[in-house]
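Some notes on the structure that comes next.
Residue numbers (full-length UniProt numbering): 1 to 80.
In structure tokens, the structure reads:
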């Protein structure tokens with residue numbers, strides 16, 4: 001449960017070689033009306049991902065998820 005709380009606070013989750021050896025990934029939820037509808041994710045080989053690149057991608061993935069959530073929330077489509 002501590003891991004889920006950490007993910008909720010950060011608004012993203014990361015993995016490194018958890019599923020595929022040598023792959024780093026980050027994902028952020030698309031949340032509308034307090035419901036997770038989907039997620040945005042990026043995966044890349046770990047040897048390409050220094051901490052500066054990871055930090056940049058974390059921010060971009062989180063921003064993309066928020067922008068998509070805002071677009072869904074303001075649309076006439078009822079997905080929730």
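Cβ atoms here follow ideal geometry from the backbone N, Cα and C, with glycine treated the same way.
>> Just to confirm my understanding: we take residue 7, look at its own chain, exclude 5 residues before and 5 after, and list those with CB closer than 6 Å. What are they?
In response: Result list for residue 7: 13, in chain order.
>> For residue 18 and residue 66, I'd like the C-alpha separation in whole angstroms.
In response: Each residue's Cα considered, the two are about 26 Å apart.
>> If I follow the unbroken beta strand (DSSP E) through residue 19, where does it start and stop?
In response: Annotation for residue 19: no beta strand (DSSP E) segment contains it, and DSSP assigns it neither H nor E.
> By how many angstroms is the C-alpha of residue 31 removed from the C-alpha of residue 37?
Replying inline: Going by C-alpha positions, residue 37 is about 6 Å away from residue 31.
> Cα separation between residue 44 and residue 34?
Replying inline: For residue 44 and residue 34, the distance between alpha carbons rounds to 29 Å.
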